[in-house]
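Residue numbers (our numbering): -5 to 766.
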Amino acid sequence: MSIIGRNPYRGKKLGSFRKIDGSENNLHNRELGATGTPFIRVGTVEYEDGVASPAGVAKDASGNALIGVDGNSVSRQPIPIFSKAEKRSLHKSGLEVVRNQDGLSNNPDAPFVLLNPLDRPSARVVSNATSKLKKGETDPSSQGLTGINWAFGQLINHDLNLARLSEDSFNIDIPEDDSNFTQDIPPTPTINRQKDGGLEFEFPRNAFAEGTGIIKDGKSVAAEVPNDLTHWLDLSVVYGSDEELANSLRSFEGGKLKVFSEETESTSDDLMPADTEQVMRGGFFQGVGFLAGDERVSEQDALVAQHTLWLRNHNRIAQDLSQFHPKWDDEQIFARARQINIAQYQQVVMYEWLPQQIGEVSKYRGYDAGETPQISDEFNAAGFRFGHSQTGNKIETVDSEGNATTLPLLTTFGAPNVTEGKDVDEILKGSTVTLDEDVDTNVVFDLRNALFPPAGVGFDLYSANIQRGRERGLADYNQVRVDFGLERVKSFDELTSDKSLAKTLQDLYGTVEDVDLLVGLFAEDAVAPSGAGETIQAIVGEQFERLRDADRFWFERSFRQGGYFTKKEIKEIQQTTYADIIKLNSEITELQKNVFLEVSEANPLNTESLFSDGLLDLQGDDGKAKIVVKQKSLSDNTVGFYRVEDKEGTIIDKVTGATLTPEDGENYQKAAIKNSVVDFQIADNRSRKKFHVDLPDNSLLAPYLIADGNIEDFENGDAQALLSFGAANKENSSIIELGSEDSNVFKFAFDDLINSNSNSHSDNTMMVKVKL
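Rendered as structure tokens:
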């Protein structure tokens, strides 16, 4: 029995369900991972004043001294120096480096210390110096990673992170010689003019959690930042992170989520509902943008496509569940569909997408109630921002005929190009044939200079990422390496094999011990077969393993251990690929097996035909199918498949054991219907129904139709049957196989046996499309 067929509400008492706000996952600490709880610091806190002042600087963009929480001007903390070579280099630059004694540095392992270090350069200066891509230039993935990596990665990021903003600013100085933002441009929503006439990017700080970022009773309480989302891989982007939003997303009918279009019973052409109450951040769809579980949903077209795919997947599962379990109420269907949807998402994230980013992922060893899922500052404010380096300057769409259209990235903000279901399909298909950018300091021009249209002249996302790390008090790159169990790099040449970049970094920072974490992450060499360096691998890998191991509801935790799924169901989920999710929820039929990698000899397009001679050939294949039936008859017809032994239609009579062929006529028909492996009845004229069925693996199947009745009617002589083989049918008519646009799709049609005397198939009772 498939995961859809089992009734989890029967027999053994159900455990608790996953809360929308993420609470009560851990029964010993019920707020662990809940919406509104703070990010955690895995490693060292490096606020310059030890409490809340941004790291790496003692002055703001206007040159004003930063004031610490104690009311005094902030001075930069001494920097530990670990090599004589760096000591000599800093001395030559006129900086004061002395032996580390009398506690001059809080790192006792450092033999030397740099006193009174200079401020790190403006984040915009670092961005300009380290990113060399000009307008329109790209730096495509050398690992063959497709564009769906960054698009899906953004969805995952929005599932995990949303740091609250404050009214305090930590603006980014724009240098006077900046060629893209000349000093004569007027102020915009993203650019301010400083007191001295210079320009700066507007940049708000994150809000602090209550009771943090203060000195209390003479003791420093370092600032912490609340996460406005849950800290779980729970598809909060689809379902929301609070009950009010979650309820506004539900239809409360058949366990489904609201959609914009309900023209058919198919879920593969649905769009998200319009945000008529304007609770999201806006967009172009219907003039208000889409409504989803995360307010950033309409940020750009590729993100909308990702959101829509997982909403469709929920509704597809809900529809299947309602057919298998007609007595279930809306809440039961919704809860089970959510469980399965999240499980499939977790499988794809952890075991298909993540290995492409960081390499091998450890095996699941069971639930650990002592582990914490809380998203780390290092992950949120730096490590998981590698997707911004992967993002290109365009989105490609590919239609059902294979025609490609290029959308410049800047024209996709606000999602203006998603107005109907096929737009989502075309974006998804396009993202599987284009390449990611490499993870490096070469962030594309548009992300560094032209965000966010159409509000202002521009903004630099790379600069903002660097600045975010500083304002969150992240430790420098080398210290984070140590905090995550890696060795320090002793020179810029050890940080990167790119000699030119190493020289640029030395000119910018002076010492390898003061490099901004994000810059170091982007600069370090990738470690094959992943697209990222070892420090990104450490930060991201550590976070995802905690998310998995701390989750009481993780899909690999079996039903007997307190989870949602039986061992057989877990194996079924583990077979899920992202290509499966796309195919089941769109009209896309041809994809490579691993959509996160480009098509190659080792990762070919799925072009093997499963259909021949009017039969469905599952010999050696898994029999999961999506069947769409279009009916034009006023009759209530039944369609199904029966098992045959060979392509000539030979069957074994289940009752007598006799071998029959189509030439046996009426006896063959009766035995064939007894060999039925799946059937479904279609009512109503001009209807369109969709079914997700489990067909028997390693089998050869033939379709049949029972006109104006079901199997029982046929066996009682009250209804006629039409089989695949003309010799078995009245007047030697047969099912007609229609042309298929893809080797994985089988189309066939039935004549109206009641109202037509012709065999032309011009007045088909039904057209059936089977997609595996």
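The C-beta atom is built at its ideal place from N, Cα and C for all residues, glycine as well.
Cα-Cα separation, residue i to residue j
i: D133; j: G634; result: 51 Å
i: T385; j: G377; result: 15 Å
i: R546; j: D15; result: 15 Å
i: G733; j: F685; result: With a pLDDT of 44 at G733, under the threshold of 50, the predicted position of this residue should be treated as unreliable, though the coordinate-derived value follows. The alpha-carbon atoms of G733 and F685 are separated by roughly 21 Å.
i: D264; j: E420; result: 14 Å
i: M(-5); j: Y3; result: A caution first: M(-5) carries a pLDDT of 44, below 50, which makes its placement in the model unreliable, though a value can still be read off. Their Cα atoms are separated by approximately 15 Å.
i: T406; j: G364; result: 43 Å
i: E563; j: D510; result: 45 Å
i: S230; j: R275; result: 16 Å
i: V39; j: S383; result: 25 Å
i: S603; j: L612; result: Reliability fails at S603, whose pLDDT of 46 lies under 50, so the model's placement of it is uncertain and the value that follows must be treated cautiously. Using only the alpha carbons, I get a separation of about 10 Å.
i: E735; j: G525; result: Confidence at E735 is low in this model, with a pLDDT of 40, below 50, so its placement is unreliable and the value that follows should be read with caution. Going from the Cα of E735 to the Cα of G525 covers about 35 Å.
i: D211; j: G44; result: 15 Å
i: F279; j: E595; result: 40 Å
i: A296; j: K416; result: 13 Å
i: G37; j: Q473; result: 8 Å
i: E709; j: S10; result: 46 Å
i: Q148; j: D432; result: 16 Å
i: L455; j: R462; result: 10 Å
i: D712; j: G703; result: 8 Å
i: I334; j: S160; result: 37 Å
i: A666; j: D691; result: 18 Å
For residue i, the nearest candidate out of the options (CA to CA)
i: I705; options: D688, N723, A722 and Y636; result: Y636
i: D64; options: F195, A46 and R546; result: A46
i: G720; options: Q663, L585, D172 and Q333; result: Q663
i: V119; options: L127, T426, P169 and E194; result: P169
i: R554; options: G360, F453 and N723; result: G360
i: Q137; options: L305, V593 and L489; result: V593
i: S658; options: Q313, E642 and Y558; result: Note that residue 658 is Asp in the sequence shown, not Ser. Out of Q313, E642 and Y558, E642 has the C-alpha closest to the C-alpha of D658.
i: V767; options: Y456, L227, E131 and T302; result: The structure shown has nothing for residue 767, since the chain only spans -5 to 766.
i: N588; options: T426, T505 and T400; result: T426
i: E776; options: E581, A666 and G44; result: Residue 776 cannot be examined here, being either before or after the span of the chain that is shown, -5 to 766.
i: G408; options: R442, D323, G283 and A329; result: G283
i: G62; options: A217, R158, E247 and S116; result: A217
Which of helix, strand or coil DSSP assigns to residue i
i: E735; result: Summary for E735: the model assigns pLDDT 40, below 50, so the residue's position carries little reliability; its value from the coordinates is reported in the next sentence. DSSP places E735 in coil when its eight states are reduced to three.
i: T653; result: strand
i: T124; result: helix
i: I(-2); result: coil
i: E431; result: strand
i: S67; result: strand
i: D688; result: strand
i: I179; result: coil
i: G634; result: strand
i: P697; result: strand
i: A666; result: helix
i: P402; result: strand
i: Q95; result: coil
i: K252; result: coil
i: R12; result: coil
i: V764; result: strand
i: T321; result: The sequence as given places Lys at residue 321; Thr does not occur at that position. It is coil, neither helix nor strand.
Exposed unless 16 or more other CB atoms sit within 10 angstroms - verdict on residue i
i: G514; result: buried
i: S491; result: exposed
i: V392; result: buried
i: N94; result: buried
i: N19; result: buried
i: K250; result: buried
i: D631; result: Just to set this straight, residue 631 is Asn in the shown sequence, not Asp. That one is buried.
i: E390; result: buried
i: K81; result: buried
i: V273; result: exposed
Whole-Å CB distance - residue i paired with residue j, under 8 Å assumed
i: N155; j: I369; result: 6 Å
i: Q71; j: E42; result: 6 Å
i: Y358; j: E550; result: 5 Å
i: G50; j: R464; result: 5 Å
i: S235; j: G287; result: 7 Å
i: N100; j: D172; result: Not a contact, Cβ separation roughly 36 Å.
i: D470; j: D519; result: In fact, because the Cβ distance is near 19 Å, the residues do not count as touching under 8 Å.
i: F202; j: N165; result: Going by Cβ atoms, the distance from F202 to N165 rounds to 18 Å, so no, they are not a contact pair.
i: T529; j: L480; result: 6 Å
i: A544; j: P367; result: 4 Å
Closer than 7 Å: residue i CB and nearest the ligand MG heavy atom
i: T529; result: As far as ligands go, the structure on display features none, and thus does not contain the ligand MG.
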